[in-house]
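Trainee:
In full-length UniProt numbering, the protein residues as written are 1 to 151.
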């Protein structure tokens with residue numbers, strides 16, 4: 001049998017479905033998105049949303065129906081913020097989606113922007129994120145109470 005499949009080393013290279021130029025472009029686009037999602041305004045909005053709603057979530061298998069309504073609100077909020085970013089950058093949503101997919105495949109580290117987006121595409125991921133907000137809020141409240149008792 002001839003072709004790339006006949007040589008395992010060559011076969012490994014044929015599995016790559018995008019060029020270095022495309023990967024560089026992807027990294028640049030996702031980098032811009034990461035900068036946007038790491039900005040003070042964006043993180044403040046997400047932090048406020050999480051803190052406002054996190055106490056409604058319980059570490060149980062089932063969540064109250066209100067929690068799904070909160071998830072839908074989160075999806076709308078995130079969609080609006082991402083649309084704003086895409087419009088300002090002149091990037092098509094399809095291009096951004098493909099770039100995120102390729103970078104996620106190549107990068108082993110977690111990017112904040114992909115975590116926010118993943119939480120909007122998977123209800124369970126959203127619940128886990130809200131439980132993290134809840135845990136942080138409870139920890140901060142405990143620290144505050146300990147500080148008041150020490151005075």
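We put the CB at the ideal spot given by N, CA and C, even for glycine.
I think residue 87 touches residue 42, with their Cβ atoms under 8 Å apart; what is that distance to the nearest whole Å?
Mentor: About 15 Å separates the two Cβ atoms, so there is no contact after all.
Trainee: Beta carbon of residue 130, beta carbon of residue 53: below 8 Å?
Mentor: For residue 130 and residue 53, yes; Cβs fall inside 8 Å.
Trainee: Tell me where the alpha helix (DSSP H) around residue 50 begins and ends.
Mentor: That run of the alpha helix (DSSP H) goes 40-53.
Trainee: Once DSSP output is grouped into helix, strand and coil, what is the label at residue 145?
Mentor: Residue 145 falls in the helix class under three-state DSSP.
Trainee: Rounded to whole angstroms, what is the Cα-Cα separation between residue 90 and residue 75?
Mentor: Using only the alpha carbons, I get a separation of about 22 Å.
Trainee: Using only alpha-carbon positions, find the residue among 26, 137, 62 that is nearest to residue 92.
Mentor: Of the candidates 26, 137, 62, the one whose C-alpha sits nearest the C-alpha of residue 92 is 26.
Trainee: Could you give the DSSP three-state label for residue 102: helix, strand or coil?
Mentor: In the structure shown, residue 102 sits in a helix (DSSP, three-state: H, G or I).
Trainee: Measuring alpha carbon to alpha carbon, tell me which of 127, 79, 77, 113 ends up nearest residue 29.
Mentor: It is 113 whose Cα lies nearest to the Cα of residue 29.
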